[in-house]
Amino acid sequence: MPRALPASVEETLALLQAGDYVADRALATALFLALKLKRPLFLEGEAGVGKTEIAKVLAGTLGRRLLRLQCYEGLDIASAVYEWNYPRQMIAIRLAEAAGDRDRAALERDIFARDFLIERPVLQALEPRPEGPPVLLIDELDRADEPFEAFLLEVLSDWQVTVPELGTIRAEEPPLVILTSNRTREIHDALKRRCFYAWVDYPTAARELEILRRKAPGAPERLAAEVVGFVQALRRQDLFKLPGVAETLDWAQALVQLDTLELSPETINDTLGTLLKYQDDIARIQGSEAARILTQVRTELATARLGQEGA
0 MPRALPASVE ETLALLQAGD YVADRALATA LFLALKLKRP LFLEGEAGVG
50 KTEIAKVLAG TLGRRLLRLQ CYEGLDIASA VYEWNYPRQM IAIRLAEAAG
100 DRDRAALERD IFARDFLIER PVLQALEPRP EGPPVLLIDE LDRADEPFEA
150 FLLEVLSDWQ VTVPELGTIR AEEPPLVILT SNRTREIHDA LKRRCFYAWV
200 DYPTAARELE ILRRKAPGAP ERLAAEVVGF VQALRRQDLF KLPGVAETLD
250 WAQALVQLDT LELSPETIND TLGTLLKYQD DIARIQGSEA ARILTQVRTE
300 LATARLGQEG A
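Start counting the sequence shown at 0; every next residue gets the next number (numbering that gives the first Met the number 0).
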């Protein structure tokens, strides 16, 4: 069932937690303000830290439709906003000719009517809906070309799209817009000015452990603590691609499937492909380095337990 937007930062945190998303207060504050002031929220951060998941959780917990636009090089208006249904238009022309309808102006008005328009995610997001405005996710905007980025300026500032044959289509109420970027290139300042901004960083060990408990509840507590400690240690290494939260969850779930109760150097070596995605990184960590990191992690966890018992 659709629900109202959160009325405070605390309610925003609760909303995200209801969708099993563990956010820090700064991120929840940025999201609350974006919803309250009807502004797009631009999220930057490394791949796999949970930027896309925010839009999914928001749609699910609010009971809104999620419209996802996955960006890529060469993305154009026909794929993102709208295009005309040319086969249907050709059929309409042939039928008009067969019926002897030769009024060219009337025929042109007919075939460029709204019925022949194929709406893509951006245009769909401007349509009114009984449950409320949808969540529009513009994912990995940094992969799109700059001309498409420039096109978005009209949408994000005036909540409208101009279709030359029909005129301007304007939203009665702005959609809830989440834009994400992995920062493979800089996004233009003109677009950023239209958005609120938040950097989504790798989580702290405590927050990542809470995420693991929610998303992989089958993992034993000791295994979960060791997995988080090992991943946190890997992020301090000089690797080509550091593992994100998504990789942490994949690794934990894979270990559960292998009935693993605790990490061992052998298990780590056998399953590193679920955590690291580049052979150079795997080769660097496998073997003695994995054993060294595991020993360090266990020492830190034992020290932390002694500190808690002493307190």
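Backbone N, C-alpha and C define an ideal beta-carbon position, used for all residues, glycine too.
This one's a predicted model, so the numbers in the text were calculated from it and none came from an experiment.
Below 7 angstroms CB to CB, which residues in the same chain sit around residue i once its five sequence neighbours on both sides are set aside?
i	result
residue 189	152
residue 253	270 and 273
residue 115	83, 84, 87 and 88
residue 281	271, 272 and 275
residue 81	116, 117, 118, 119, 122 and 162
residue 173	37, 132 and 158
residue 210	21, 202 and 244
Opposite residue i in the DSSP bridges: which residues?
i	result
residue 67	136
residue 196	41
residue 177	40 and 136
residue 169	159
residue 299	According to DSSP, which records beta bridges pairwise, residue 299 is partnered with nothing at all.
residue 81	118
Does the Cβ of residue i have 16 or more other Cβ atoms within 10 Å, making it buried, or fewer, making it exposed?
i	result
residue 51	buried
residue 73	exposed
residue 7	exposed
residue 147	buried
residue 112	exposed
residue 150	buried
residue 26	buried
In its own chain, which residues sit with a C-beta less than 6 angstroms from the C-beta of residue i, not counting the 5 before and 5 after it?
i	result
residue 136	54, 67 and 177
residue 170	125 and 158
residue 238	280
residue 58	65 and 134
Inspect the beta-carbon positions of residue i and residue j and report whether they are closer than 8 angstroms.
i	j	result
residue 248	residue 214	yes
residue 42	residue 245	no
residue 229	residue 296	yes
residue 39	residue 193	yes
residue 29	residue 60	no
residue 180	residue 141	yes
residue 65	residue 134	yes
residue 243	residue 47	yes
residue 56	residue 4	no
residue 236	residue 139	no
residue 22	residue 12	yes
Can you find a C-beta in chain D that's less than 8 angstroms from the C-beta of residue i?
i	result
residue 211	In summary, chain D is missing from the structure at hand, where a single protein chain is found.
Give me, in chain order, the residues of the same chain whose beta-carbon lies closer than 8 angstroms to that of residue i; leave out the 5 immediate sequence neighbours on both sides.
i	result
residue 260	219, 221 and 222
residue 293	225, 229, 262, 263, 264 and 267
### Task
Would you mind listing the alpha helix (DSSP H) stretches within the region 219 to 291 that are 4+ residues and don't spill past its ends, in chain order?
220 to 233, 244 to 256, 264 to 270 and 278 to 284
#### Entry: Start-end ranges of the alpha helix (DSSP H) lying completely within the region 96 to 167, minimum 4 residues
103 to 110, 120 to 123 and 145 to 157
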